[in-house]
Amino acid sequence: MRISRVLALTLALVMMASVAFAGPSYDRIMKDKKIRIGIMTDSIPGAFFNDKGEWVGFDYDVATELSKRLGVDIERVKVNNKTRIAFIQQGRIDASVANMTHTREREKSIDFSITYFFDGQKVLAKTGKYQSLADMKDKKIATMQGTTSEINVKRALKAMGVANPAAHVISFQKESECFQALQMGRVAGWSTDATILLGYASKTPGKFELVGEFLSDEPYGIGLPQNDSNLRNAVNASLQDMWRDGTYMTIYNKWYGADTPFAMPMSGSIELWP
Amino acid sequence: MLRYWLEKVWVQNTVLAVLGIISLYYWGWVFDFGYDFQWPILFTVNDTYQLNFGVEILNGLWLTVKITLISSIIGISLGTALGLARLSDFKPLNWTATCIVEFFRNTPLLVILFFFYFAFPQALPEAGRELLFETQFEFWTATFAVGIYTSAFMAEVIRAGLQSIPKGLLEAAYSSGLSYVQVLRKIILPLAFREIIPPLGSEFLNNMKNTSLAMVVGVADLTWQAQQVEALTFKGFEATTAASVLYLSFSLVIAFVINGVDGRIRSSSNGKNSLPVMFINLLLIPINFVNKILFHPAAQFLRQRRRKNMQAGVTTNTSQLLLKKLYTVLVLISKGAFLLILAGLVFSLAKGFYNFDWSVILKELPTMLVWQFPNATGDDLFMGLGGFSLSFIIAIVAIFASFFIGLIVGLGRSSTNRIFRIPSLIYIELIRGNPLIIVIYWVYFLIPVLFDSFINTVWSAAIALTLFTAAYLAEIVRGGIQNIPPGQVEAAVSSGLSYWQTMRKIILPQALKQMIPPIVGLFIAIFKDTSLVTVLGVMELTSVTKALDNRLMIASMELWTTAAVLYFLPCLLMSKYAKHLERKLSPEQINLKM
């Protein structure tokens, strides 16, 4: 008797917990007056903790500005390159501003805003040692697992005639691990988005440099839940407004301006709808 | 009435089958997962990447098998050496072995792997580093790190096994005139091995599961490949399922072999061999054959010569005496050499510490201890506590929760009623057959899918750790209960106590007392295992150290050493406490000289 009661209770609990709560994110954001945005914690200067323990960075500022334009409060959720897409899929966050390249494969799982940042993939190597990726095709290259850079490097190596590109690429879980591998000489180069590389190279001035051409374009988009066009439109409009009234460039120059360690000239313009 | 029916095996079987069918039906057809299952990604070629992920996952499995085999060999050989060294009379050797064992037992494997991969090559000269990097450095680092880590645990198992031999047996052996080597070969090792095989077997299994961490240094093992599939296709559920099934099968194979070895060593004379034993016997046929042809005659010849010598009476000639002297001198020299090497090591260690940038440690230590407290942002639990404190909180939550689950599942596992026993068994084996990291991913992917809701990654991590630990605790509980003499249960039942009364008043109080030392050992493991939840981005000690390392970049050695010490100290204190308890609970235990 007792057992059956326990079983019935458990089943009932399980069913109750599975009552769907998700709905269009936009309606919920506007109702609760709160948007949950995923931001990275160790991507310099995208979003990171500075030496005072404050969370700062370009993405951080863009996310803050975005919530302001939407007229809602922001709840910042820490994500990494592993969790940022899963969190959107699960409804854990409403948007992810986490230097995420807009790709067709990702488009199958989540939606993206218009491109809000223009980056490209390069290779970082010890100063004066190599001219381009072709010079290090017999050596090892570090990348981060599960990123577009990993695939791009393998493709580039294959195009250069490397028989087994996978054997020449070591994929780590974190950017810092890639950089450490480069520092200790385990790999000849580390390839990922140029801004990230610049951030790391600036830590030890003169020791490392970007080599070769861009391996790819990396248009960054804000990750959004699938099929919620209200939210996507609102985010896109906010980004365009930021660009139009100059707020975007203010934020950009704060992190990538000429007098910053990560100086990078602006190389594109946000898609503006009339 | 209900109890009468529940005691019948066919009723139990039917209930289980009905429950199984109902849940299969419910989860398979009724329940809306809100998740788009795409199993074909596991066996078709992906258009975007031109890869067959199934093949990639199998490649990962092959690498896992290789790492497991090699690291097992390293583990058992180094473990035997360390275990014997810990029983040695030569104090410096004894202490060194103790230090090594304690260090590896009380530091997370993740931290050790980072150390071996990132810090160790820095200590080598440029040329040595080049030479090292010519090899498959990632593979060998992972293999050695896992092997050495395992060896520390094996050393303890082996030492305990050697010490478990009754003192009387040894006295009898020595007084009957056997030499030390003979006693070791004929009495100690055979007896000890019988004791050691089951715990050694679980160490082999742990070793296999530990190899899953090789991915953090970029080794494309099974876990890495599963992650890769998830990262490229966002189909984590399918990828983790595939990895899980493969890990489980591999665990079962290892368990099968260990069972065979165990059965063979217990030399079942009743003529009925179990399947695993027959398998091992089959494997041993060629070895036996070679042994018969090559070594058998040699051994017989030697034995005959020894017998003749013995019959000839005791004669010692000068050459033998000389040899004995030479041996003593040799031992002395090797002891001296050992001391010299030790002194050199201590010196370079001290020099390394002297050259540390201590100001960095001093400045960042508060951050490592509490992270952002009290500057909580958004999704932070516990007022923004992180780093060491968060590791500690997660460990404590997991310890408390897992204790109750473990107790219930353990009771279920030792129950005679199949309705309780079989689900408990499935739970235990499912969890124990998988690496913790896979369990973490399971909880992480499964909770949103099952409950259509999300939870904070901290809770997700705590739940995973709890479920994982509970399975191990359940096995400890079962062992504790089985150690109580059956006569006590019979006496209790015949004096009219019910099952719960028997358990509560007779069995559990005694069993729990026996279980305290292994349970404390488990708690040490949980605290160390919190380092793994860093894969979910939880800001515990390992993540914080990584974040700091990421920001400073110039003080990796200092930061990782500090992290290792922060893990090591609480674990050491707990293990010392466990030792103390063990001694207190069994005062008759005497350490014997071997």
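Protein chains in written order, with our numbering: chain A, 1 to 274; chain B, 1 to 594.
We treat Cβ as the ideally placed atom computed from N, Cα and C, and that holds for glycine.
These figures come from a predicted structure and were not determined experimentally.
Q: In the DSSP assignment, find the unbroken beta strand (DSSP E) run with Phe-48(A) in it and report its ends.
A: Your numbering for residue 48(A) matches position 48 in the first sequence. Residues 47 to 49.
Q: Name, please, each residue of chain A whose Cβ falls closer than 7 Å to the Cβ of Asp-549(B).
A: Position 549 of the second sequence, counted from the first residue, corresponds to residue 549(B). Within 7 Å Cβ-Cβ: Ser-176.
**Q.** Pairwise C-alpha distance: Asn-81(A) and Asp-42(A)
**A.** Position 42 of the first sequence, counting from 1, holds the residue named residue 42(A). Position 81 of the first sequence, counting from 1, holds the residue named residue 81(A). Each residue's alpha carbon lies about 10 Å from the other.
(Q) Distance check for Ser-176(B) and Leu-322(B), CA to CA, integer angstroms please. (A) On the second sequence, position 322 is the one that residue 322(B) refers to. On the second sequence, position 176 is the one that residue 176(B) refers to. Their Cα atoms are separated by approximately 27 Å.
Q: Identify, in the order they occur along the chain, each residue of the same chain with its Cβ nearer than 7 Å to the Cβ of Ile-431(B), setting aside the five sequence neighbours on each side.
A: Taking the second sequence and counting its residues from 1, one reaches residue 431(B) at position 431. Correct list, in chain order: Val-439, Leu-467, Phe-468, Ala-471.
Q. How many angstroms separate the CA atom of Pro-485(B) from the CA atom of Ala-492(B)?
A. Here residue 485(B) corresponds to residue number 485 of the second sequence, with the count starting at 1. Here residue 492(B) corresponds to residue number 492 of the second sequence, with the count starting at 1. Distance between the alpha carbons of Pro-485(B) and Ala-492(B): 12 Å.
Q.
Am I right that Asn-210(B) and Val-157(B) are in contact with their C-beta atoms under 8 Å? What's the rounded C-beta distance?
A. As a working mapping, residue 210(B) is identified with position 210 in the second sequence. As a working mapping, residue 157(B) is identified with position 157 in the second sequence. So it is not a contact: roughly 15 Å between Cβ atoms.
Q: Compare the C-beta of Trp-371(B) with all C-beta atoms of chain A and state if any pair is closer than 9 Å.
A: One-based indexing of the second sequence puts residue 371(B) at position 371. Yes, because at least one Cβ of chain A sits closer than 9 Å to the Cβ of Trp-371(B).
Q.
In whole angstroms, give me the CA-to-CA distance for Lys-108(A) and Gly-246(A).
A. Your numbering for residue 108(A) matches position 108 in the first sequence. Your numbering for residue 246(A) matches position 246 in the first sequence. About 33 Å.
Q: Can you say whether Ser-460(B) is buried or exposed, counting buried as having 16 or more other CB atoms within 10 angstroms of its CB?
A: Taking the second sequence and counting its residues from 1, one reaches residue 460(B) at position 460. Result: buried.
Q: List in chain order: all unbroken alpha helix (DSSP H) runs of 4+ residues lying wholly within the region 379 to 417 of chain B.
A: 387 to 413
Q: Starting from the beta carbon of Arg-186(A), find every residue of chain B whose beta carbon is closer than 8 Å, and list them in chain order.
A: Here residue 186(A) refers to the residue found at position 186 when the first sequence is read from its first residue. The contacting residues are Pro-121, Phe-133, Phe-137.
Q: Would you mind working out which of Ile-141(A), Trp-55(A), Ile-93(A) sits nearest Asn-456(B), comparing C-alpha positions?
A: Taking the first residue of the second sequence as 1, we reach residue 456(B) at position 456. When each option's Cα is compared against that of Asn-456(B), the closest is Ile-93(A).
Q: Anything in the region 484 to 499 of chain B with a Cβ closer than 8 Å to a Cβ of chain A? List those residues in chain order, please.
A: none
Q) Going by other Cβ atoms of all chains shown within 10 Å of its Cβ, with 16 needed for buried, is Arg-159(B) buried or exposed? A) Numbered from its first residue, the second sequence carries residue 159(B) at position 159. It counts as buried.
Q. In chain A, which residues lie less than 7 Å from Tyr-25(B) when you measure between Cβ atoms?
A. Counted from its first residue, the second sequence places residue 25(B) at position 25. Result: empty, since nearest Cβ-Cβ is about 12 Å, beyond 7 Å.
Q.
In whole angstroms, give me the CA-to-CA distance for Glu-218(A) and Thr-147(A).
A. Within the first sequence, residue 218(A) is the residue found at index 218, counting from 1. Within the first sequence, residue 147(A) is the residue found at index 147, counting from 1. In a straight line, the C-alpha of Glu-218(A) is about 11 Å away from that of Thr-147(A).
Q. What's the call for Lys-154(A), buried or exposed, on a 16-neighbour Cβ count within 10 Å?
A. Counting from 1 along the first sequence, the entry for residue 154(A) is found at position 154. By the 10 Å Cβ count, Lys-154(A) comes out buried.
Q: Counting only the same chain and skipping the five closest in sequence on each side, list residues whose C-beta sits under 6 Å from that of Ala-22(A).
A: In the first sequence, the residue the question calls residue 22(A) occupies position 22. Unreliable positioning characterises Ala-22(A) in this predicted model, as indicated by a pLDDT of 48, which lies under 50. A coordinate reading is not provided.
(Q) Please state the DSSP three-state secondary structure of Leu-93(B). (A) Within the second sequence, the letter at position 93 stands for residue 93(B). Leu-93(B) falls in the helix class under three-state DSSP.
Q | CB contact flag (Ile-44(A), Phe-208(A), <9 Å) | A | As a first step, residue 44(A) must be located in the first sequence, where it is residue number 44. As a first step, residue 208(A) must be located in the first sequence, where it is residue number 208. No. Outside cutoff.
(Q) Just to confirm the assignment, what range does the alpha helix (DSSP H) spanning Leu-252(B) have? (A) Position 252 of the second sequence, counted from the start, is the residue given in the question as residue 252(B). Looking at the DSSP string, the run of the alpha helix (DSSP H) that includes Leu-252(B) is 236 to 265.
Q. Starting from Tyr-354(B) and walking both ways along the alpha helix (DSSP H), at which residues does that stretch end?
A. Here residue 354(B) refers to the residue found at position 354 when the second sequence is read from its first residue. Unbroken alpha helix (DSSP H) run through Tyr-354(B): 318 to 354.
Q.
Going by DSSP in three states, Val-97(A) sits in which element: helix, strand or coil?
A. Along the first sequence, read from residue 1 onward, the residue named residue 97(A) stands at position 97. Note: Val-97(A) maps to strand in three-state DSSP.
Q: Within the same chain, show all residues whose beta-carbon is closer than 7 Å to that of Phe-49(A), passing over the 5 residues directly before and after it, in chain order.
A: If you number the first sequence from 1, residue 49(A) lands on position 49. Only Thr-41, Trp-55 meet the Cβ criterion.
Q. Taking Cβ positions only, does Asn-164(A) come closer than 9 Å to chain B?
A. Within the first sequence, residue 164(A) is the residue found at index 164, counting from 1. It does not; no Cβ of chain B falls within 9 Å.
(Q) Can you give me the C-alpha to C-alpha distance between Leu-210(A) and Asp-138(A), rounded to a whole angstrom? (A) By one-based count along the first sequence, residue 210(A) stands at place 210. By one-based count along the first sequence, residue 138(A) stands at place 138. When rounded, the distance between both Cα atoms is 19 Å.
Q) Does the beta-carbon distance from Ile-141(A) to Gly-189(A) come in below 9 Å? A) Here residue 141(A) refers to the residue found at position 141 when the first sequence is read from its first residue. Here residue 189(A) refers to the residue found at position 189 when the first sequence is read from its first residue. It is a contact, given that the beta carbons lie within the stated cut-off.
Q) Can you name, in chain order, every residue of its own chain whose Cβ lies under 6 Å from the Cβ of Leu-595(B), other than the five neighbours on each side? A) The requested residue 595(B) does not occur in the structure, where chain B is confined to residues 1 to 594.
Q: Give the range of the beta strand (DSSP E) segment to which Pro-219(A) is assigned.
A: Here residue 219(A) refers to the residue found at position 219 when the first sequence is read from its first residue. Per DSSP, Pro-219(A) belongs to the beta strand (DSSP E) from 208 to 224.
Q. By Cβ distance, which residues of its chain are closer than 7 Å to Glu-203(B), with the 5 residues on each side in sequence left out?
A. Looking up residue 203(B) in the second sequence gives position 203. Hits under 7 Å: Thr-150, Phe-153, Met-154, Val-157.
Q | Alpha-carbon to alpha-carbon, Gly-75(B) and Thr-68(B) | A | What you label residue 68(B) is simply residue 68 of the second sequence in a count that begins at 1. What you label residue 75(B) is simply residue 75 of the second sequence in a count that begins at 1. Cα to Cα, Thr-68(B) sits roughly 10 Å from Gly-75(B).
Q: Look at the Cβ atom of Thr-107(B), then the Cβ atom of Ala-564(B), and state whether they are nearer than 9 Å.
A: As a position in the second sequence, residue 107(B) is number 107, starting the count at 1. As a position in the second sequence, residue 564(B) is number 564, starting the count at 1. Yes, the Cβ-Cβ distance between Thr-107(B) and Ala-564(B) is below 9 Å.
**Q.** For Tyr-256(A), the first and last residue of its enclosing alpha helix (DSSP H)
**A.** As a first step, residue 256(A) must be located in the first sequence, where it is residue number 256. Element bounds for Tyr-256(A): 247 to 256.
Q) For a contact meaning CB atoms closer than 8 Å, what does Val-535(B) contact in chain A? A) What you label residue 535(B) is simply residue 535 of the second sequence in a count that begins at 1. Lys-82, Gln-173, listed in chain order.
Q. Taking one C-beta from the region 241 to 250 of chain B and one from the region 258 to 266 of chain B each time, how about it: are there three or more such pairs within less than 8 Å?
A. no
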